[in-house]
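Residue numbers (mature numbering (1 follows the signal peptide of the UniProt record, and there is no 0)): -26 to -1, 1 to 225. Inspection log for the structure reproduced underneath, given as structure tokens.
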């Protein structure tokens, strides 16, 4: 009975935190899913999710940059833009590190994701981002179809217009195969805070990859949510600890 009660407590913690963070961000709850070496698909019918893929430097922080946006369902990191089949972190060849963002088009538009892309890195750097130097850290917008390509091109021109004295290095190219990165690279910022992982029940890797809650907490761990959301999540976590962490009985 004690083991069953503990399990029920973890379920309440998970469910309550999901409701909490989803309500704060306006996000819909995700269906579980995953897979390796798949083609990124832009779904346009009513109720379907959209997928966007960006390369903007090291994918650890890049993933966290999108995780707390209202309407983002889940995030993951991987490799794209190269010719090698099944690249690995230590053997990328000509691939770039990138982040895949699955989102609800009714709550957030592709243009808004582009805005975050430009704001989250320096697209004028030639061979990397800050201390991360190398071809795998180049800036790329991967597009699904003509409309995304047009939006990306327009946004790039607007970014270039801000300063004509230096050139935007960002590439715009059609999306090919997205290869998910190894498990240790997924939700990297969240995994640096073991207490947060325990708080949501130490999810298996597959569930961590598909979890909206994990995407939000990954952004929270990197301090990339809005100030209001950072404070709200922090307050709720403190409250859980005072009442008998990790069990959350209400919100």
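For glycine and all other residues, C-beta sits at the position ideal for the given N, C-alpha and C.
key: Entirely enclosed alpha helix (DSSP H) segments - the stretch 122 to 173, minimum 4 residues   = 162 to 165 and 168 to 173
Own chain, CB closer than 7 Å to residue 130, minus 5 neighbours either side, in chain order = 142, 144 and 146
inquiry  = Any contact between the stretch 145 to 160 and the stretch 175 to 190? By contact I mean 3 or more CB pairs, one from each, below 8 Å.
reply    = yes
Range of the contiguous alpha helix (DSSP H) that encloses residue 35 = 33 to 41
task = Under 8 Å by Cβ, that's how I've got residue 113 and residue 95 pegged, so tell me the actual separation to the nearest angstrom.
result = 6 Å
task = Report the rounded CA-to-CA distance for residue 126 versus residue 194, giving the unit in angstroms.
result = 28 Å
request  = May I have the straight-line CA-CA distance separating residue 171 from residue 165, to the nearest angstrom?
outcome  = 7 Å
message = In the DSSP assignment, the beta strand (DSSP E) including residue 195 goes from what residue to what residue?
response = Run containing residue 195: none in the beta strand (DSSP E); it sits in the alpha helix (DSSP H), 186 to 195.
message = Per the DSSP calculation, residue 113 is bridged to which residue(s)?
response = 30
ask   = What residue range is occupied by the uninterrupted beta strand (DSSP E) comprising residue 53?
value = 46 to 54
inquiry  = For residue 23, count the other beta carbons within 10 Å of its own beta carbon; 16 or more makes it buried, fewer makes it exposed. Which is it?
reply    = buried
ask   = Do the CB positions of residue 28 and residue 75 come within less than 9 Å of each other?
value = yes
ask   = By a C-beta neighbour count over all protein chains shown, 10 Å radius and 16 as the cutoff for buried, is residue 120 buried or exposed?
value = exposed
request  = Taking residue 59 as part of the beta strand (DSSP E), name the residues at either end of that continuous run.
outcome  = Taken as a continuous stretch (DSSP letters only), residue 59 belongs to no beta strand (DSSP E), as it is neither H nor E.
inquiry  = To the nearest angstrom, how far is the alpha carbon of residue 51 from that of residue 192?
reply    = 12 Å
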